[in-house]
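Protein chains: 4
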Amino acid sequence: MNFASDNTAGAHPAILAAMAAANEGSEPSYGEDRWSRRMNEALADWFGTAVAVFPVATGGAANALALAQIAPPWSAVFCLAGSHIDVDECGAPEFYSGGAKLVAAGPPGRLYTPADLAAGLARHPRGVVHHVQPGAVSITQATECGLVYAPDQVAAIAAAAHGADLRLHMDGARLANALAHLGCTPAEATWKAGVDVLSLGFTKNGAVAAEAVVFFDPALAEGFAYRRKRGGHLFSKSRFLAAQVLAMLEGDLWKSLAGRANAAAAALAAGLSAAGFAPAYPVQANEVFVRLPRSLAAALSKAGARFYPWDDSEPERPLYRFVCSFATTAEEVESLQIRLKSAHASL
Amino acid sequence: MNFASDNTAGAHPAILAAMAAANEGSEPSYGEDRWSRRMNEALADWFGTAVAVFPVATGGAANALALAQIAPPWSAVFCLAGSHIDVDECGAPEFYSGGAKLVAAGPPGRLYTPADLAAGLARHPRGVVHHVQPGAVSITQATECGLVYAPDQVAAIAAAAHGADLRLHMDGARLANALAHLGCTPAEATWKAGVDVLSLGFTKNGAVAAEAVVFFDPALAEGFAYRRKRGGHLFSKSRFLAAQVLAMLEGDLWKSLAGRANAAAAALAAGLSAAGFAPAYPVQANEVFVRLPRSLAAALSKAGARFYPWDDSEPERPLYRFVCSFATTAEEVESLQIRLKSAHASL
Amino acid sequence: MNFASDNTAGAHPAILAAMAAANEGSEPSYGEDRWSRRMNEALADWFGTAVAVFPVATGGAANALALAQIAPPWSAVFCLAGSHIDVDECGAPEFYSGGAKLVAAGPPGRLYTPADLAAGLARHPRGVVHHVQPGAVSITQATECGLVYAPDQVAAIAAAAHGADLRLHMDGARLANALAHLGCTPAEATWKAGVDVLSLGFTKNGAVAAEAVVFFDPALAEGFAYRRKRGGHLFSKSRFLAAQVLAMLEGDLWKSLAGRANAAAAALAAGLSAAGFAPAYPVQANEVFVRLPRSLAAALSKAGARFYPWDDSEPERPLYRFVCSFATTAEEVESLQIRLKSAHASL
Amino acid sequence: MNFASDNTAGAHPAILAAMAAANEGSEPSYGEDRWSRRMNEALADWFGTAVAVFPVATGGAANALALAQIAPPWSAVFCLAGSHIDVDECGAPEFYSGGAKLVAAGPPGRLYTPADLAAGLARHPRGVVHHVQPGAVSITQATECGLVYAPDQVAAIAAAAHGADLRLHMDGARLANALAHLGCTPAEATWKAGVDVLSLGFTKNGAVAAEAVVFFDPALAEGFAYRRKRGGHLFSKSRFLAAQVLAMLEGDLWKSLAGRANAAAAALAAGLSAAGFAPAYPVQANEVFVRLPRSLAAALSKAGARFYPWDDSEPERPLYRFVCSFATTAEEVESLQIRLKSAHASL
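From first to last, the protein sequence lines are chains X, Y, Z and E.
First residue of the first sequence: 1161, per the numbering used here; consecutive thereafter.
First residue of the second sequence: 1161, per the numbering used here; consecutive thereafter.
First residue of the third sequence: 1161, per the numbering used here; consecutive thereafter.
First residue of the fourth sequence: 1161, per the numbering used here; consecutive thereafter.
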């Protein structure tokens, strides 16, 4: 019953098998190997367009490097309150960008909108030397609270960003979960909707450690290779990153894994609702947020369930986060529901 | 016949097996897992002292993070000309430190000495506000030209560094090769000789991607966890880094692999000498540098040998680098020698 | 009728006279001159305690350098929404600190409180590696909306900061105005109330360009001289900065100038109130904020008055800022009132 | 007899008079005032071309900001050994650029040449991700050892730089002295010779504190205003910087002051030569470097002369630096010569 995070699961066995399979003979290092070249081609196919791809091993690196590429040091990165880039990377975007400012629109728990951007732009007018300048827009897909942007919602934000001469970054740590929910193509969810640069995550979806910064306009990536290198994020034995990505794309493994996680979350949400605890947000990806009586949550923890308290603005009924992963089993979900009912009854 | 680098080899199978073995069930992430805790204990045992350990995935990250921890932004990091930190990390130490200056003592191709440090200190007097201040000392073990510091040589540098109130960093990307050469304990080669912080490398020696920053005085690591995190170098599924390190320590795998690489280099050096091409530097670890007629080198390349030109200050007889790894076979070395003789004869 | 800012006035003639008087003979540079030494002593007297003083020429430099000294790159600087450091320095604190995060408590238009700090600390728990860590607290005296902290209010914030192991910075760009209002000693308003480092401003109060970073615990200034130098803020002909500061302290010029500005603001506030436009905030220093019908403000502008729109959250009745300086005359204030009445009547 | 530096002199009285004259009435701040606009026009006239001008108060700020504008964080700034940017700014260029690397060609005591640049480029090949990339070229006019580049020498460097797609920066802290020596126009010495961005110094030549970053292609200055602001180098009462620059240009004050300093240095050099101590380098600007017996230098110091030891590579006969300024009198030079003869006789 581990619902703490989608990164507490290990990796899918196919990923480790692919890494082992890539361990044959000597290969050029630093991205010149056969697997890396195949990965580049596979991602171009996957997206149906030319892309410049830079694999890294953590989502924090992908996000911070991508933002530093598009947002000058004296700029504002507009995002939603609660964005991972703003609250969960210990200032990585600020570090990599040389001091850009994260300007987060509140409240969290919803989708970012063109109106949020308009408000941010109003407070950071271009050309006033005293204020940080508009730099970039970043959205998370699926969001940190498990919501999914429809392509037209992304397109609306992209249009507003581009209209203000800003680039749109998408933190796709859970893009696979979003795609599984949307049923659209990777292209439709990203560059066709106006995304300029994507942090494409595989780790939460079952890789060992594999993410990639993807530029849909390769010209936008100028100098990025140096940025990544001096961040310490260029791998010598690059084949082992590429092999993970290739394994994920092979036979749409990414989709079946994300679908599994989403389904588990949906089942969990249904169970919670049935027990009288409706999720706080629509459950569209692999995360479920729910308010529970504090004592009930304690009882669940005691029974072995792992999950995080998220917000205690209502002290007696805090908001809790439950995350499902590719490895979450029907038994785990069911087991949680049983515990929930029993705990609820005994309160 | 790939002598291009020790990172063109894949990983040792035991490493991949260990990663697969670590893929069981759910575990806390970000270093709180069982493997990470075991790794910390195993490294404390290995060094015979309390250590603060921070695994990362690249040597560049380890070096840059370690130096940033001990050298203020307005300081000089004293090192040897040709040091990896100075010439091969695209400015990573400058980036992570916030602009510290690498002050490299020439010429390369030798060991750093207390006299080098004294000269550096003379040019960067403490307390003169116009000059960057003494910040740290960094040496590479084994060096970038394949030389190994004896413990007393390290101790002399450490004494000079500490006497100037500076910390000593060791870039141990090839520490295993140095230890295999020295036959001393990890402790003797590092903290007992005065090293304060170590970049401990496993990747070149057969890991997939596993390095660690090791502080011998845990108090020196204050704040380092945040530094690593905002560099994007904290892994969510940390067990897979720890499993690699554990596999390397298990049964002294590190030692047999490094010994193998060193032996291959020694055999290669012997062969080259026998053919009339004595190595430019004593071959103490897994690298062989040798001056060859340009035409001979070209013939070798054409015959399929991979190696790097290193320095063409003598245009007709450039310096070439041959690196052996754990995966270098006796056949490869022999094959190279045969090609060498044949090419030599035909010139 | 220039109420745009206290920096649109020139300098008080005594300042320029002092600079001219300091222009005698040759002197050591970079702070070793006689005037700089006298300034250091004079400020120690003024504060009644040992201080480490670092003059610079802009308030932005003073603030950013001071914050960088006390807040690590991975930390949060807690401040009030609308703080100059957060919104009017184009990211200077982020730049100098290496990417620290300004965490501003809303709403603006009031004093910062220990409760604000407690809330900020709750959202940035110490020891959680994903979040930026508590770094420093910064308050502005007088605030950007013209309010003044009483010494015990500062002391309460300082106690809360120190209790959380944080240093308290005071942006004293208008400290003189605050002191003139409070009638207390510089010591009482700063270090006796717990301020650790002060940006002491003279420019807005009539200097050409003279500010100083003042550390009340000289040990806290370790390394600061290098930080200032590499920021390009160490003046070669330092005597001309020191001469300005000395002239300000001479005969309490600072107090009479600040008193003049405060009195003008009070008169302006009274006039506005009499005309039915009560200031939005208590007028305690030299700034008056008032909501005016947009058409009335336009009429005033047309009549030659200079002032800034500040906030148009009420579009028909925006908030305007009027700032008085040492150079504001009774005639200017009276003239504005006359225009106001006349414009008001004609609407 | 103060020959320690050209910044130990005060300011020329005309500068202080101009500042006092600029102290009339209220003016927009931050560069929008009348004096700043006149300064911009005057410098465009002076250079005979459109320029983007950004005044600051220190040469360190001008250099570091200018270099950060043209050299990416992952790049090398090629310069001569002994350059002020490399050894006398406590790492300001590294700080402002976000970690660029100063690559200094030795030995010092000469002019930088296209061959130096070619050598630097050879060691930093474009496109190799492990190495910092070619970023910019910087030369000092007059150099730190008092030499002056002829326009065609600058043009040769500029051609080499532009041929490598690099911008040429000129540290013109003593440009006036160089111009006074060359007798050419400011245009000929700078943009007509290919200089892209200039640190134009007035402080050493008699200003209180006034420098300017001058871009000869205004498009190159994009974003620079924000860079300067967040460095804390945008002055609120900008008129006082502009007034200094205007006073320097008025009636070619800059030229008469620089001519005076150069003439004093020439007289000093002649006197030293006559006494048997020929300058180490041709004396073309306002600095004289000369080897003197240590005891003789000590005697001169004891007699009240101020000057700096520069290099003690010949311990018995160190190299000393004597700098003349606009304020150096014929009496001072004569007095030094008398002391020199007398001391020499008594040794």
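The beta-carbon is built from N, C-alpha and C at its ideal position, and this holds for glycine as well.
From which residue to which residue does the beta strand (DSSP E) around residue 1375 (chain Z) run?
Translated into positions along the third sequence, residue 1375 (chain Z) becomes position 215. Note, residue 1375 (chain Z): beta strand (DSSP E), 1371-1375.
Starting from residue 1328 (chain X), follow its DSSP beta bridges and name the residues at the other end.
Residue 1328 (chain X) sits at position 168 when you count from the first residue of the first sequence. In DSSP, residue 1328 (chain X) forms a bridge with X:1297.
If we count Cβ pairs, one from each stretch, closer than 8 angstroms, do we get three or more for the region 1330-1340 of chain X versus the region 1177-1195 of chain X?
no
Boundaries of the alpha helix (DSSP H) in which residue 1206 (chain Y) is found, first to last residue
Your numbering for residue 1206 (chain Y) matches position 46 in the second sequence. Its alpha helix (DSSP H) spans residues 1194-1207.
Residues that DSSP places opposite residue 1362 (chain Y) in a beta bridge:
In the second sequence, residue 1362 (chain Y) corresponds to position 202, counting from 1. None, per the DSSP bridge assignment.
Going along the chain, which unbroken runs of the beta strand (DSSP E) with 3 or more residues stay wholly within the region 1421-1506 of chain Z?
1447-1451, 1468-1471, 1479-1483
CB residue 1390 (chain Y) to CB residue 1259 (chain Z), shorter than 9 angstroms?
Taking the second sequence and counting its residues from 1, one reaches residue 1390 (chain Y) at position 230. Taking the third sequence and counting its residues from 1, one reaches residue 1259 (chain Z) at position 99. Yes.
Mind checking the region 1187-1200 of chain X against chain Y and listing, in chain order, the residues whose C-beta falls within less than 7 angstroms of any C-beta there?
1187, 1188, 1189
Tell me which same chain residues have a C-beta within less than 8 angstroms of the C-beta of residue 1371 (chain Z), skipping the five on either side of it?
The residue given as residue 1371 (chain Z) occupies position 211 in the third sequence. Taken in chain order, the residues that qualify are 1215, 1216, 1217, 1218, 1219, 1221, 1222, 1333, 1359, 1360, 1361, 1362, 1363.
Rounded C-beta distance between residue 1313 (chain Z) and residue 1236 (chain Z)? I'm assuming under 8 angstroms.
One-based indexing of the third sequence puts residue 1313 (chain Z) at position 153. One-based indexing of the third sequence puts residue 1236 (chain Z) at position 76. Not really, about 22 angstroms apart at Cβ, beyond 8 angstroms.
Buried or exposed: where does residue 1462 (chain E) fall if 16 or more other Cβ atoms within 10 Å of its Cβ makes it buried?
For the purposes of this step, residue 1462 (chain E) is taken as residue 302 along the fourth sequence, with counting starting at 1. It is exposed - the Cβ of residue 1462 (chain E) has fewer than 16 other Cβ atoms within 10 Å.
Would the beta-carbon of residue 1290 (chain Z) fall within 9 angstroms of that of residue 1227 (chain Z)?
In the third sequence, residue 1290 (chain Z) corresponds to position 130, counting from 1. In the third sequence, residue 1227 (chain Z) corresponds to position 67, counting from 1. Not a contact, by the Cβ cut-off of 9 angstroms.
Within chain Z, the residues that residue 1389 (chain Y) reaches when beta carbons sit closer than 9 angstroms:
For this step, residue 1389 (chain Y) is matched to residue 229 along the second sequence. Within chain Z, the residues near residue 1389 (chain Y) are 1234, 1289, 1290.
If distances are taken between C-alpha atoms only, which option among X:1169, X:1165, X:1162 comes closest to residue 1399 (chain Y)?
If you number the second sequence from 1, residue 1399 (chain Y) lands on position 239. It is X:1169.
Residues bridged to residue 1237 (chain Y) (per DSSP):
What you label residue 1237 (chain Y) is simply residue 77 of the second sequence in a count that begins at 1. DSSP lists Y:1262, Y:1296 as partners of residue 1237 (chain Y).
Spatially closest choice to residue 1491 (chain E) from E:1478, E:1506, E:1465, E:1474, by CA coordinates:
Start at 1 with the first residue of the fourth sequence, and residue 1491 (chain E) comes out as number 331. Comparing Cα-Cα distances from residue 1491 (chain E) to each of E:1478, E:1506, E:1465, E:1474, the minimum goes to E:1465.
Could you work out which residues of chain E lie near residue 1229 (chain X), taking near to mean beta carbons separated by less than 9 angstroms?
Taking the first residue of the first sequence as 1, we reach residue 1229 (chain X) at position 69. Neighbours of residue 1229 (chain X) on chain E: none; closest Cβ ~12 angstroms, over 9 angstroms.
Neighbour list for residue 1483 (chain X) in chain Y, Cβ cutoff strictly below 9 angstroms:
Position 323 of the first sequence, counting from 1, holds the residue named residue 1483 (chain X). Per Cβ cutoff of 9 angstroms: no residues; residue 1483 (chain X) is ~11 angstroms from chain Y at best.
Should residue 1462 (chain X) be flagged as near chain Y, meaning a C-beta pair shorter than 9 angstroms?
Along the first sequence, read from residue 1 onward, the residue named residue 1462 (chain X) stands at position 302. No, its Cβ sits nowhere closer than 9 angstroms to a Cβ of chain Y.
Helix, strand or coil for residue 1171 (chain Z), going by three-state DSSP, please let me know.
As a position in the third sequence, residue 1171 (chain Z) is number 11, starting the count at 1. In this structure, residue 1171 (chain Z) counts as coil in the three-state DSSP scheme.
Does any residue of chain E bring its CB to less than 9 angstroms from the CB of residue 1267 (chain Z)?
Numbered from its first residue, the third sequence carries residue 1267 (chain Z) at position 107. Chain E contact via Cβ: absent.
Is there at least one Cβ from chain Y nearer than 9 angstroms to residue 1259 (chain Z)'s Cβ?
Residue mapping note: residue 1259 (chain Z) aligns to position 99 of the third sequence, counting from 1. Yes, contact with chain Y.
Check residue 1214 (chain Y) in the structure and name its three-state DSSP category.
In the second sequence, the residue the question calls residue 1214 (chain Y) occupies position 54. Residue state, collapsed to three classes: strand.
When we look at the beta-carbon of residue 1297 (chain Y) and count the other beta-carbons within 10 Å, is it buried (16 or more) or exposed?
Sequence index remark: in the second sequence, residue 1297 (chain Y) carries index 137 (1-based). Classification of residue 1297 (chain Y): buried, given that the 10 Å Cβ count is 16 or more.
Rounded to a whole number of angstroms, what is the C-alpha to C-alpha distance between residue 1495 (chain E) and residue 1174 (chain E)?
Start at 1 with the first residue of the fourth sequence, and residue 1495 (chain E) comes out as number 335. Start at 1 with the first residue of the fourth sequence, and residue 1174 (chain E) comes out as number 14. Answer to the nearest angstrom: the Cα atoms are 27 angstroms apart.
Taking the alpha helix (DSSP H) that residue 1290 (chain E) falls in, what are its first and last residues?
In the fourth sequence, the residue the question calls residue 1290 (chain E) occupies position 130. Residue 1290 (chain E) -> no alpha helix (DSSP H), and no H or E assigned at all.
Out of curiosity, what's the CA-to-CA distance linking residue 1473 (chain X) and residue 1282 (chain Z)?
Locating residue 1473 (chain X) in the first sequence gives position 313, counting from the first residue. Locating residue 1282 (chain Z) in the third sequence gives position 122, counting from the first residue. Between residue 1473 (chain X) and residue 1282 (chain Z), the C-alpha separation is close to 11 angstroms.
Classify residue 1286 (chain X): buried if its beta carbon has 16 or more other beta carbons within 10 angstroms, exposed otherwise.
Here residue 1286 (chain X) is taken as the residue at index 126 of the first sequence, counted from 1. Under this definition residue 1286 (chain X) is an exposed residue.
Mind reading off the beta-carbon distance from residue 1317 (chain X) to residue 1240 (chain X)? Whole number of angstroms is fine, and I expect it under 8 angstroms.
As a first step, residue 1317 (chain X) is located in the first sequence; it is residue number 157 there, counting from the start. As a first step, residue 1240 (chain X) is located in the first sequence; it is residue number 80 there, counting from the start. Their Cβ separation, rounded to whole angstroms, is 10 angstroms, which puts residue 1317 (chain X) and residue 1240 (chain X) out of contact at 8 angstroms.
Whole-Å CB distance - residue 1307 (chain E) paired with residue 1442 (chain E), under 8 angstroms assumed
Translated into positions along the fourth sequence, residue 1307 (chain E) becomes position 147. Translated into positions along the fourth sequence, residue 1442 (chain E) becomes position 282. Residue 1307 (chain E) to residue 1442 (chain E), Cβ: 7 angstroms. Contact.
Measuring straight from C-alpha to C-alpha, what distance separates residue 1324 (chain E) and residue 1354 (chain E)?
Numbered from 1 along the fourth sequence, position 164 holds the residue referred to as residue 1324 (chain E). Numbered from 1 along the fourth sequence, position 194 holds the residue referred to as residue 1354 (chain E). Distance between the alpha carbons of residue 1324 (chain E) and residue 1354 (chain E): 13 angstroms.
Given that residue 1394 (chain E) touches chain X, what residues does it touch there, using C-beta distances under 7 angstroms?
The sequence position of residue 1394 (chain E) within the fourth sequence is 234, counting from 1. Result: 1289.
On a CA-only basis, which of X:1310, X:1481, X:1356 is nearest residue 1209 (chain X)? Give me that one, please.
Working through the first sequence from its first residue, we reach residue 1209 (chain X) at position 49. The shortest Cα separation from residue 1209 (chain X) among X:1310, X:1481, X:1356 belongs to X:1356.
With residue 1204 (chain Z) and residue 1211 (chain Z) assumed to form a contact (beta carbons below 8 angstroms), what rounded beta-carbon distance in angstroms separates them?
Within the third sequence, the letter at position 44 stands for residue 1204 (chain Z). Within the third sequence, the letter at position 51 stands for residue 1211 (chain Z). With 8 angstroms as the limit, residue 1204 (chain Z) and residue 1211 (chain Z) qualify as a contact, their Cβ atoms being about 5 angstroms apart.
Could you tell me whether the Cβ of residue 1313 (chain Z) comes closer than 9 angstroms to any Cβ of chain X?
One-based indexing of the third sequence puts residue 1313 (chain Z) at position 153. It does not; no Cβ of chain X falls within 9 angstroms.
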